[in-house]
Structure formats: C-alpha cells, structure tokens
Amino acid sequence: MLLALEGIAGAGKSTLRDRLLATAACEDIRLGHIGQFAWLSLEATRTIIGLRAGHPAASGKRAVAAVRRDLELHSRHNLLPALSLGPVVADRLTLSTACLLALLHDRPVAQYVQQLAEVTVARADLTVLLTTDLELCRARLARRPTARRFGEDPSTAARLADLHEQAATAWTETTGLPLLHYPCATDLDLDLLVAACLDRLRETAPDPART
C-alpha cells in the first residue's frame, strides 16, 4: 500500500508522517518512508529544482516531461522496491507536484493531475489531504528557524490551498482511488488521522509472524 500525505507547508504532514512511523513501529508494522522526487535524472532534477524555487520551465510541456521522467524513475527504482517490503508513506507525491505545475504555468491543475496519474505505479492507494487552516499553517511556519521557501508566503499559500482542493477532486475523478480530507490542527485531529491511516495499513501490511 502506498499512502501519500498532501497539503500546503505547515499543514502537519511531517508531524503526521513521524507519528505514523513511530506508531507503526510499535505495532510491528513495517512501514517505509519515501520522498516526493527521485532525483535520478540530471535534466529532470534541474527543472524540478527551478520549479521548487518558483521559476517556471521554458514551457509547460517541458516541465511536465521533466516531472513525468522523475516520477517514472521514482516508481521503478524507489517506490516498487520499497513497496515490495511492505506499505510506504510518501510525504507529498503526485498532487503536490501537479499543484506546483499549475501555479507556475497557469494551467488547470486537473490537466496535470491527469497527466501524472498516467504513471500508474506511482498512484497512491490512499491519499490524505491535510486541510489545516491557513492562519495556523502560517503560525507554524513562523516558528521554524529556516527561511521561508517559495510557496510559503501568505498569498501563494492561499492559492496552493485552493489548488490542492481542485487537485483532490481531479484525482478521485481520474483514478477512483480514495482520498481523505482532514485538518491537522489539534492533538485530537492527529490521533484521528493516525487511527484512520493505520486502519488502512493494517489491512495490507504483511503479518510479521509470517516474515
């Protein structure tokens, strides 16, 4: 099972990921963790680094080709080997990439979701979109010691939040795969999120007594 955690910066993805990994370990569930990109193609990497810094590619087609190439390599060399060992949680994956492309190239996000979803191996079996309030996300980012990255200023974050909602709709329409919407604002929210995710993971995780 591939579980993707999506949402804007400060929504609580890393907190949820860390709690999931710790709780799964306590229950002897072999849960792997993987990042958003493969970084295995120099050309694709250059384009993605530019996108993450807020610089659109020379064309939307070039940008899509780069992220598709990276996603294909990610699937073949990272996702499939990791999934062969058990369930995997990804801190951002297809939806976040589609939103970044839509933001920078001013095209409908559904278009990018559909194109990236064609890499079927990278389709998350379950996606959790964290819908944490923007003001709380901003407050969390303000407490971080690192400088703000592209996409974390208030106006861009608001736009990205809207794009994530649109991308979620496009994802379910395109793939038919489940997607949960949850805020991650309180300890109770976090507990509910962990419980919901672990219920799905338990259904697919191999029995440790048989491995």
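Start counting the sequence shown at 373; every next residue gets the next number (my numbering). We put the beta carbon where it would ideally sit given N, CA and C, even for glycine.
- Item | Rounded C-alpha distance that separates Q538 from L560 | As a first step, residue 538 must be located in the sequence shown, where it is residue number 166. As a first step, residue 560 must be located in the sequence shown, where it is residue number 188. When rounded, the distance between both Cα atoms is 26 angstroms.
- Residues near L552 by beta carbon distance below 6 angstroms, same chain, minus five either side: Here residue 552 refers to the residue found at position 180 when the sequence shown is read from its first residue. Result list for L552: V500, in chain order.
- Where H405 sits in the DSSP three-state scheme: Position 33 of the sequence shown holds residue 405. It is a strand residue.
- Which residues mark the beginning and the end of the beta strand (DSSP E) in which T387 is found? Walking along the sequence shown from the start, residue 387 turns up at place 15. No beta strand (DSSP E) holds T387; the alpha helix (DSSP H) holding it covers K385 to C398.
- Query: Among all the DSSP beta bridges, which residues are the ones paired with Y554?
  - Reply: In the sequence shown, counting from the first residue as 1, residue 554 sits at position 182. For Y554, which the question treats as bridged, DSSP gives the partners L502.
- Message: Can you confirm whether the region 529-548 touches the region 461-476 when touching is taken to mean that 3 or more C-beta pairs between the two stretches lie within less than 8 angstroms?
- Response: yes
- Task: Identify, in the order they occur along the chain, each residue of the same chain with its Cβ nearer than 6 angstroms to the Cβ of T583, setting aside the five sequence neighbours on each side.
- Result: Mapped onto the sequence shown, residue 583 falls at position 211. Because the pLDDT of T583 is 44, which lies under 50, any placement of that residue in the model is unreliable, and the question is left without a value.
- Ordered list of beta strand (DSSP E) runs contained in the region 418-494, each at least 3 residues: 460-463
- If A410 sits next to H446, beta carbons under 8 angstroms apart, how far is it from one beta carbon to the other, in whole angstroms? As a first step, residue 410 is located in the sequence shown; it is residue number 38 there, counting from the start. As a first step, residue 446 is located in the sequence shown; it is residue number 74 there, counting from the start. The pair is a contact, with the Cβ atoms about 4 angstroms apart (cut-off 8 angstroms).
- In or out: V460 buried (at least 16 other Cβ within 10 Å) or exposed? Sequence index remark: in the sequence shown, residue 460 carries index 88 (1-based). So V460 counts as buried.
- Query: Hey, how far is the Cα of T569 from the Cα of L392?
  - Reply: Here residue 569 is taken as the residue at index 197 of the sequence shown, counted from 1. Here residue 392 is taken as the residue at index 20 of the sequence shown, counted from 1. For clarity, residue 569 is Cys in the given sequence; the question names Thr instead. Distance between the alpha carbons of C569 and L392 is about 8 angstroms.
- In angstroms, rounded to a whole number, what distance separates the CA positions of R479 and I420? As a working note, residue 479 is residue 107 in the sequence shown. As a working note, residue 420 is residue 48 in the sequence shown. In a straight line, the C-alpha of R479 is about 17 angstroms away from that of I420.
- Query: Straight-line CA distance for C556 to R424?
  - Reply: Reading the sequence shown from its first residue, position 184 is the one you call residue 556. Reading the sequence shown from its first residue, position 52 is the one you call residue 424. Cα to Cα, the separation comes out at about 24 angstroms.
- Message: On the DSSP bridge list, what partners appear for E575?
- Response: Here residue 575 corresponds to residue number 203 of the sequence shown, with the count starting at 1. Beta-bridge pairing links E575 to no other residue.
- Message: Please list the terminal residues of the continuous alpha helix (DSSP H) segment that includes E378.
- Response: Looking up residue 378 in the sequence shown gives position 6. Here E378 belongs to no alpha helix (DSSP H); instead the beta strand (DSSP E) covers L374 to E378.
- Message: Assuming contact is defined by CB atoms lying nearer than 9 angstroms, are A540 and E378 in contact in what I supplied?
- Response: Along the sequence shown, one-based indexing puts residue 540 at 168. Along the sequence shown, one-based indexing puts residue 378 at 6. Taking 9 angstroms as the Cβ cut-off, A540 and E378 qualify as a contacting pair.
- Excluding the 5 residues preceding and the 5 following A397 in the sequence, name in chain order all residues of the same chain whose CB lies nearer than 8 angstroms to its CB. Translated into the one-based positions of the sequence shown, residue 397 becomes position 25. Excluding residues within five positions, the ones whose Cβ falls inside 8 angstroms are L403.
- Message: H536 and A462 - do their beta-carbons sit closer together than 9 angstroms?
- Response: Taking the first residue of the sequence shown as 1, we reach residue 462 at position 90. Taking the first residue of the sequence shown as 1, we reach residue 536 at position 164. Their beta carbons are not under 9 angstroms apart, which means A462 does not touch H536 by this criterion.
- Query: Around the Cβ of G523, are there at least 16 other Cβ atoms within 10 angstroms (buried) or fewer (exposed)?
  - Reply: Here residue 523 refers to the residue found at position 151 when the sequence shown is read from its first residue. Classification of G523: buried, given that the 10 Å Cβ count is 16 or more.
- Give a yes or no on whether the C-beta atoms belonging to A437 and H477 are separated by under 9 angstroms. For the purposes of this step, residue 437 is taken as residue 65 along the sequence shown, with counting starting at 1. For the purposes of this step, residue 477 is taken as residue 105 along the sequence shown, with counting starting at 1. Cβ atoms of A437 and H477: not closer than 9 angstroms.
- Item | Buried versus exposed, by CB contacts within 10 Å (16 or more), K385 | Residue mapping note: residue 385 aligns to position 13 of the sequence shown, counting from 1. Classification of K385: buried, given that the 10 Å Cβ count is 16 or more.
- Query: Sorted by chain position, which residues of the same chain lie with C-beta nearer than 6 angstroms to Y484's C-beta, five sequence neighbours on each side aside?
  - Reply: Locating residue 484 in the sequence shown gives position 112, counting from the first residue. Hits under 6 angstroms: A470, L473 and A474.
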